[in-house]
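Have a look at the structure below before the remarks.
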Ligand code: GLV
Ligand code: MN
Ligand code: MN
Ligand code: MN
C-alpha cells in the first residue's frame with residue numbers, strides 16, 4: 001500500500017468496523033429497523049459528525065449528513081447507498097457507497113474546498129427489502145413515492161413496519177415531510193460493488209453503470225389442505241408444497257424463455273411444516289427482472305397464468321400480491337460522462353455496464369440526475385459472506401468519486 005491508497009485504506013477500515021453490527025452473531029445480517037441497523041445508523045451518524053457534516057437520522061431511518069455550499073440552503077449533490085443487508089450478507093453491498101461518499105466528503109472538507117452546491121451523504125435503510133414487503137421505501141420517501149400501506153406490512157415474525165419504525169426511533173407521521181423537491185437536488189452519485197463478473201474479466205477496477213433493470217416482486221400463497229401424510233392416498237391430496245414446487249419450476253422455465261430476463265422463487269415457507277403432515281399452505285416469493293419493462297410485465301403475467309393453471313389442476317388455491325413494480329431506469333448521461341472522464345483521468349478505461357441488481361439510484365433518479373460507479377468484486381460474488389473487493393479498488397472508486405464531485409463543482 002502506498003500513500004496513494006490512503007482513501008481506500010480508510011474506506012476498508014470503516015467498512016470492517018461497520019460489519020461488526022449484526023442481528024445474528026457469527027454472520028452479517030442487518031435488516032431494516034433491526035437493532036443492528038440502529039447501531040450501524042448511530043455509528044454512521046458519529047462518523048458523519050466527525051467528518052464535519054451536520055448529521056441526523058430521519059423519520060424513516062436514513063442517516064443523512066450535510067455540508068453547506070458557498071451559501072446555506074443550496075441544492076445538494078447527494079452521495080451514498082444503503083446500510084441494510086440481506087441475510088448472511090457480505091460487508092460491501094451498500095456500506096461501500098456510504099463510506100466511499102463519506103470519505104470523499106471528508107476529503108473535500110479537509111481540503112477546504114468551497115462548492116457551488118451543498119454536499120450530502122446518505123445511508124439509506126431499506127434497500128434490500130427483505131424484511132417487509134416494501135420497494136426501496138427509504139429512498140422513495142425522499143422521492144415523494146412512499147406508499148402509506150407499507151407501514152402496515154408485516155415481517156416474518158408478524159411485526160408491523162409501523163411498530164418497528166417507532167421502536168427504532170423513527171416517526172411514521174414524519175414521512176411525508178421527507179419528500180424532496182427536484183429543485184433541492186443537484187444529483188445523486190452512488191458507488192456500489194458490481195455484483196457480477198464483468199469488471200474482473202475486463203481487468204478494470206471500476207465501471208460506469210448505464211441503467212438499472214426493472215423489477216417486480218410478489219408474495220404468493222398456495223392454499224391446500226393439511227392432512228395426515230400416512231393415511232391420505234396420493235390421488236386424494238391437496239398438497240400445497242407439491243403445487244408450489246411445480247410453480248417454482250414454471251417460474252424457472254418461463255424466465256428462461258425471455259432473453260435478458262431472470263425470474264426467481266427465492267424463499268418458501270411451508271405450513272405447518274412437519275414430516276408427517278401434507279402441506280396445507282405455502283407462501284413463496286417471486287422476483288422478476290428484465291431490462292425492458294414490457295417484457296418484464298408480460299413475463300409476470302405469464303407466470304401468474306401458469307400458476308393459476310397449476311392450482312386449478314391440483315385443486316389448491318392461489319393468490320399473488322405484487323408489492324414492487326419498479327420500471328427500468330436509464331442513468332443520467334451527463335453524470336455518467338462525468339464519472340467516465342474522472343475514471344480516465346485516473347488512468348482507467350471504465351467499462352459501461354447495466355445493473356441487474358436494483359439500487360436506491362432508481363428512486364433518486366426521480367428527483368434529479370443519478371449515476372453509479374461499479375467496483376470490481378472478486379468472482380462477481382455478492383449477497384454472500386464471500387463478497388470481497390481490494391483496498392486498491394476501493395481507493396480507485398473513492399478517488400474517481402471525489403474527482404467527479406470536484407469536476408461538477410467546476411462545471
Ligand atoms: C437488491 O440489491 C436487489 O437487487 O435485489
Ligand atoms: Mn446494494
Ligand atoms: Mn443487495
Ligand atoms: Mn441492490
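In full-length UniProt numbering, the protein residues as written are 1 to 411.
Idealized CB from N, CA, C, for every residue including glycine.
Euclidean distance between Cα positions of residue i and residue j
i           : j           : result
residue 291 : residue 54  : 38 Å
residue 1   : residue 392 : Low confidence applies to residue 1: its pLDDT is 47, below 50, so where it sits in the model is not reliable enough to give any reading.
residue 303 : residue 114 : 54 Å
residue 376 : residue 286 : 28 Å
residue 386 : residue 90  : 6 Å
residue 72  : residue 78  : 16 Å
residue 407 : residue 125 : 29 Å
residue 401 : residue 63  : 20 Å
residue 183 : residue 144 : 13 Å
residue 403 : residue 266 : 39 Å
residue 237 : residue 157 : 29 Å
residue 208 : residue 353 : 6 Å
residue 310 : residue 176 : 42 Å
residue 206 : residue 368 : 23 Å
residue 150 : residue 38  : 20 Å
residue 186 : residue 371 : 12 Å
residue 411 : residue 6   : 27 Å
residue 19  : residue 40  : 9 Å
residue 327 : residue 229 : 44 Å
residue 132 : residue 274 : 26 Å
residue 305 : residue 4   : 57 Å
residue 232 : residue 226 : 10 Å
residue 75  : residue 142 : 14 Å
residue 166 : residue 36  : 15 Å
residue 25  : residue 148 : 33 Å
Nearest candidate by alpha-carbon position, reference residue i, set the options
i           : options            : result
residue 270 : 283, 318, 355, 187 : 283
residue 138 : 170, 156, 163      : 170
residue 355 : 289, 187, 308      : 289
residue 346 : 396, 372, 227, 312 : 396
residue 94  : 310, 239, 224, 82  : 82
residue 152 : 134, 30, 405       : 134
residue 330 : 362, 342, 343, 306 : 362
residue 92  : 364, 112, 29, 149  : 29
residue 164 : 212, 61, 186, 372  : 61
residue 15  : 103, 33, 70        : 103
residue 23  : 365, 11, 84        : 84
residue 262 : 234, 127, 216      : 216
residue 218 : 321, 255, 181      : 321
residue 46  : 34, 199, 99        : 99
residue 315 : 323, 239, 336, 378 : 239
residue 348 : 327, 374, 298      : 374
residue 117 : 148, 146, 69       : 69
residue 301 : 58, 242, 251       : 251
residue 242 : 333, 317, 25       : 317
residue 210 : 272, 278, 336      : 336
Bridge partner(s) assigned by DSSP for residue i
i           : result
residue 109 : Per DSSP, none; premise fails for residue 109.
residue 146 : Paired residues: none, contrary to the question.
residue 399 : Residue 399 is not bridged to any residue.
residue 223 : 281, 317
residue 123 : 63, 81
residue 353 : 209
residue 289 : 215, 262
residue 326 : 215
residue 189 : 79, 371
residue 24  : 27
residue 271 : 281
residue 451 : For the chain, the structure presents residues 1 to 411; residue 451 sits outside this window and is missing.
residue 118 : 76
residue 228 : 277
residue 154 : 160
Closer than 7 Å: residue i CB and nearest ligand 4 heavy atom
i           : result
residue 357 : yes
residue 200 : no
Check: residue i C-beta below 7 Å from any heavy atom of ligand 2
i           : result
residue 37  : no
residue 21  : no
residue 125 : no
Anticipated Cβ contact below 8 Å, residue i with residue j, distance rounded
i           : j           : result
residue 223 : residue 281 : 5 Å
residue 66  : residue 52  : So it is not a contact: roughly 11 Å between Cβ atoms.
residue 357 : residue 204 : In fact, because the Cβ distance is near 18 Å, the residues do not count as touching under 8 Å.
residue 127 : residue 360 : 5 Å
residue 382 : residue 193 : 6 Å
residue 380 : residue 200 : 6 Å
residue 122 : residue 80  : 4 Å
residue 168 : residue 33  : 4 Å
Proximity test, residue i beta-carbon vs ligand 1 heavy atom, cut-off 7 Å
i           : result
residue 190 : no
residue 194 : no
residue 128 : yes
Closer than 7 Å: residue i CB and nearest ligand 3 heavy atom
i           : result
residue 287 : no
residue 86  : yes
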